[in-house]
Each structure stands twice: as C-alpha cells, then as structure tokens.
Amino acid sequence: MVEYETHPFVVPVACRYLLHVPPHGLAPNPLLVLTLHGYGQNPEAMLRLTLPAVGPDTIVASIQAPFHQYVGTPPGNSDPGYNWGVRQHHEEAIRIHHEMVRTVLRDLCARFELSRKQCVLMGFSQPVGLNYRFIGTYPEEAGGVIGLCGGVPRDWEEDKYQHVTAPL
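The numbering of the sequence shown is my numbering, which starts it at 35 and goes up by one.
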C-alpha cells in the first residue's frame, strides 16, 4: 500500500443561479423561493418544476449545485448534470451549500428589500437534508423549508442544531 498525506485547501469557485422575476412587477410582500435541484439535474429543470408550484408572481432563484458530471452516455454527447456532494466529503458539501444559500439570500433580500421571513428554501431529493441542516444552523435565515422526495438528516435530533420555528 502506498502511503501519502492529504492536504485540503480552499479556492473560490464560480457559482450561479437562474432568477425568475415576476413579469408584471412585484406584489406587496412578495415571496422569494430558493429552489435546489436533485442529483444529476440542473437549475433549468428545477425552475420549470418550481414555477407551477409557487406561481408566476413569486421570485424564484434556482441554484446550480457546485459539482458537475455528465448525465447519460456517451459522455461526449451527454448533458451536464450537477450534484451537491458525496458522502465521503459531506462536511465540505454542507459548508459549500451553506455559503451558497447565504450568499444568494443576502444578495436577493437586498435587491428586492425582503425580510428573511419572506424567503423559503425548496429542495428536491439530495438538497432536502442540506436545507434542513441549513435552517437548523441558521434558523433566522429563512421563513420556511419545502422538502420534496428527500429525507431528514440522520443527525437532525442531535444537539448541534438550533430550535427551528419556521414551517418545515
């Protein structure tokens, strides 16, 4: 067996989200939904799924997961899909998810003059557990969480999370 050392380091990574702004202007007390796609999906697909659920008068930001792979075969002709991380590096995936969500919330709340209570996290599959961890870590950062086809984190009952009053 070859012996080696592991040396982690952090570098900035460009991230993106797609933004739907209601075409006829904002209603009083608008809602912002940050929507996160499942493993191997993309923000375009999640935006198409989210808008019918929340309505066209809702501000929707569909965040692209930070890690990419090719979906389908052969790889040279397939579309890219994205994911939020793998089990072996879950601590780093959680940190990146939290930074991404906090950045988008901060920027869009400032742009649209929203309170955090007007913000909802929505996730399909893989990011559901990440969104639970986010609201348990930062309970004042969002007014609610919608989880579709995902699960509660295994460590949800541990004392490391704060009390959450937002609807889950």
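Every residue gets a Cβ at the ideal spot worked out from N, C-alpha and C, and that includes glycine.
Taking the alpha-carbon positions, what's the residue 105 to residue 88 distance?
Taking the straight line from one Cα to the other gives about 28 angstroms.
Nearest to residue 70 by alpha carbon, out of 62, 85, 57, 61?
85
Among the candidates 42, 131, 191, whose CA atom is the shortest distance from the CA of residue 99?
131
Residues near residue 112 by beta carbon distance below 7 angstroms, same chain, minus five either side
104, 105, 106
Along the chain, where does the alpha helix (DSSP H) containing residue 143 start, and where does it finish?
124 to 146
Check each candidate in 178, 150, 90 and name the one with the smallest Cα separation from residue 57.
90
Of the listed residues 93, 66, 77, 102, nearest to residue 47 (C-alpha basis):
102
Alpha carbon to alpha carbon, how far is residue 44 from residue 128?
Cα-Cα distance, rounded: 14 angstroms.
Given a cut-off of 8 angstroms, decide if residue 138 and residue 182 are closer than it, judged by their beta-carbon atoms.
no
Taking the continuous beta strand (DSSP E) assigned at residue 163, which residues delimit it?
From DSSP, residue 163 is part of no beta strand (DSSP E) but of the alpha helix (DSSP H) over 161 to 171.
Am I right that residue 72 and residue 158 are in contact with their C-beta atoms under 8 angstroms? What's the rounded C-beta distance?
Contact flag correct, Cβ pair sits at about 4 angstroms.
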